[in-house]
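This report refers to the structure that appears directly beneath it.
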Amino acid sequence: MRFTVTIQLNQSEIPKDRSRVFLSLIKFWLERENPELFHKLYGSRATIRKDFTYSLFLGDCKFKREIIEIPDKRAFLNLSSYDLGLGIHIYNALLKGKGQIYSYKDLSMCIRDIQLQKEKLISTDVAFFQTMSPCVVR
Numbered sequence: 000m001r002f003t004v005t006i007q008l009n010q011s012e013i014p015k016d017r018s019r020v021f022l023s024l025i026k027f028w029l030e031r032e033n034p035e036l037f038h039k040l041y042g043s044r045a046t047i048r049k050d051f052t053y054s055l056f057l058g059d060c061k062f063k064r065e066i067i068e069i070p071d072k073r074a075f076l077n078l079s080s081y082d083l084g085l086g087i088h089i090y091n092a093l094l095k096g097k098g099q100i101y102s103y104k105d106l107s108m109c110i111r112d113i114q115l116q117k118e119k120l121i122s123t124d125v126a127f128f129q130t131m132s133p134c135v136v137r
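Residue numbers (numbering that gives the first Met the number 0): 0 to 137.
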């Protein structure tokens, strides 16, 4: 399951540690919508592998020393999970947050849109993938 979340920001600058900012948004809405799943994924002190991943597209941004400048004040969060159940829970949690303000320090974010993405069925032994950034396989 793949979907894209369009996020409107209240300012054109975000902290350089962008992953922490947007992961906190996911965790916030997941905890509000499904506390049981949230505690299963994030409740223990031990780090467990999560069955979802995400990438962030910031458009025409400029990386500075301590901040990232985003002129159009929009971010696109692309989420993906092979586990359909988990993907649906995350999708529903973010859908509940659509149109509502979430604040992280002095940055306010609002989910404007969520769109499911079409997935191509892999039916052969060989597949070619196009990525927007380097890919790490573990």
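Cβ atoms here follow ideal geometry from the backbone N, Cα and C, with glycine treated the same way.
Separation of R1 from V136, as counted between CA atoms: The residue you call residue 136 lines up with position 137 of the sequence shown. The residue you call residue 1 lines up with position 2 of the sequence shown. C-alpha separation (whole angstroms): 19 Å.
Taking only the alpha-carbon atoms, compute the straight-line gap between I110 and V125 and give it to the nearest angstrom. By one-based count along the sequence shown, residue 110 stands at place 111. By one-based count along the sequence shown, residue 125 stands at place 126. Spanning the two alpha carbons is a distance of roughly 37 Å.
Nearest to I13 by alpha carbon, out of S122, K61, K26? Along the sequence shown, read from residue 1 onward, the residue named residue 13 stands at position 14. Measuring from the Cα of I13, the nearest candidate turns out to be K61.
State yes or no: is the C-beta of F51 within less than 8 Å of the C-beta of N77? One-based indexing of the sequence shown puts residue 51 at position 52. One-based indexing of the sequence shown puts residue 77 at position 78. Here F51 is not near N77, since their CB atoms are 8 Å or more apart.
Run of the beta strand (DSSP E) containing N77, from where it starts to where it stops: Numbered from its first residue, the sequence shown carries residue 77 at position 78. Run containing N77: 73-79, per the beta strand (DSSP E) assignment.
Separation of N9 from G58, as counted between CA atoms: Locating residue 58 in the sequence shown gives position 59, where the first residue counts as 1. Locating residue 9 in the sequence shown gives position 10, where the first residue counts as 1. Roughly 16 Å between the two C-alpha positions.
For S54, does the three-state DSSP call read helix, strand or coil? Locating residue 54 in the sequence shown gives position 55, where the first residue counts as 1. Residue state, collapsed to three classes: strand.
Among S80, P34, I66, L40, the one whose alpha carbon lies nearest that of S54: Looking up residue 54 in the sequence shown gives position 55. The shortest Cα separation from S54 among S80, P34, I66, L40 belongs to S80.
Contact between the region 116-133 and the region 33-50 (3+ Cβ pairs under 8 Å): No contact exists between the region 116-133 and the region 33-50.
Return the chain-ordered list of same chain residues with a C-beta closer than 7 Å to the C-beta of L83, the five sequence neighbours on each side being excluded. Sequence index remark: in the sequence shown, residue 83 carries index 84 (1-based). These residues qualify, in order along the chain: M0.
K95 to F127, Cα distance in whole Å? Position 96 of the sequence shown, counted from the first residue, corresponds to residue 95. Position 128 of the sequence shown, counted from the first residue, corresponds to residue 127. Using only the alpha carbons, I get a separation of about 35 Å.
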